[in-house]
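Residue numbers (full-length UniProt numbering): 1 to 264. C-beta: ideal position from N, C-alpha, C; glycine also. Computed from a predicted model, the values in this text were never measured in an experiment. These notes are about the structure you will find just below.
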């Protein structure tokens, strides 16, 4: 039997490639900069493999070569990603006190949500003392047209972006879901003028909610704070009272994020 028989190694799995790419980023972060030879030694792979990974990271802006020395350093793409994460963490941290006070005041479940494409995503939740549900909304994507937070977000969209989200049609979740774009637009105009939006059993039967906008320093909508509860307790008659409290909490969160309303 010949000793020259070669065995072809299996191709790297996507998970292995991701792990190696992260290891490269960690190496460069530790050392400030690193070349392909150092990367290959760190990973225990051939230089050609390390070069391909570094090139892919450079293409996405996560690494950059400041000169012709063949050394890589962290790229501005990481700053962009870190900035997005920081904004989310700051948003939750700065809004939490207002949400906790609101939960105690209205005795309902309070959620903080952000816009993510065609959905609202809840990133924080505070349960009020009267909350009868253990449902955790954090991380869940909810439809914009059938939730109070979603309606707040739609109300603040430019016309072109709003039309894009309404064009595919509006799904029905309960008999109370608003599926007529003209009626929804009327509700959105009212929400913009009143400073809050509400839903009456539109996502789930027996669930009502009220939401108000959280604004960033530049006045642009960054999130929405909502109070939701069972329809027998958070009744339609109670919505104006709860809306006033939700608006105050959202205004407090906005102020903590640097928003200064124009005094007239």
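One thing to note: residue 141 has its Cβ within 8 Å of the Cβ of residue 121. Within a 10 Å sphere around the beta-carbon of residue 193 sit fewer than 16 other beta-carbons, which makes this residue exposed. Residue 228: member of the beta strand (DSSP E) spanning 221-230, first to last residue.
Here residue 74 is actually not in contact with residue 81; their C-beta atoms are around 11 Å apart, not less than 8 Å. Short of 8 Å from the beta carbon of residue 116, and not among the five residues preceding or following it, lie these beta carbons of its own chain, in chain order: 141.
Close CB contacts of residue 47 within its chain, under the 7 Å cut and outside five residues either way in sequence, are with 36, 37 and 40 (chain order). Of all alpha-carbon atoms in 152, 146 and 33, the one lying nearest the alpha-carbon of residue 178 is that of 146. Per the coordinates, the alpha-carbon of residue 90 lies some 8 Å from the alpha-carbon of residue 257.
By the Cβ-count criterion, residue 232 is exposed, with fewer than 16 other Cβ atoms from all chains shown falling within 10 Å of its own Cβ. Secondary structure note for residue 141: its beta strand (DSSP E) is the uninterrupted segment 141-143. The DSSP-derived three-state label of residue 157 is coil. Residue environment: residue 183 is assigned as exposed (fewer than 16 neighbouring CB atoms within 10 Å of its CB, all protein chains considered). Going by DSSP, residue 246 is part of the alpha helix (DSSP H) stretching over 239-256. Inclusion of residue 130 and residue 112 in the CB contact set at 8 Å is not warranted, their separation being larger than that value. Taking a 10 Å sphere around the C-beta of residue 252, we find 16 or more other C-beta atoms and assign the residue as buried. Assignment of beta-bridge partners to residue 136 by DSSP yields no partner.
For residue 30, the number of other beta carbons within 10 angstroms of its own is below 16, and it is reported as exposed. By the criterion of a C-beta distance shorter than 8 Å, residue 136 is surrounded in its chain by 125, once the five residues flanking it on both sides are discounted. Going by DSSP, residue 172 is part of no beta strand (DSSP E) at all; its letter is neither H nor E.
Here residue 202 really is in contact with residue 174; their C-beta atoms are around 6 Å apart, less than 8 Å. Residue 244 and residue 56 have their alpha carbons spaced roughly 51 Å apart. Going by DSSP, residue 57 is part of the alpha helix (DSSP H) stretching over 47-59. In the three-state scheme derived from DSSP, where H, G and I count as helix and E and B as strand, residue 213 is classed as strand. Around residue 66, the same chain offers 73 as residues with beta carbons nearer than 7 Å, after the five sequence neighbours per side are excluded.
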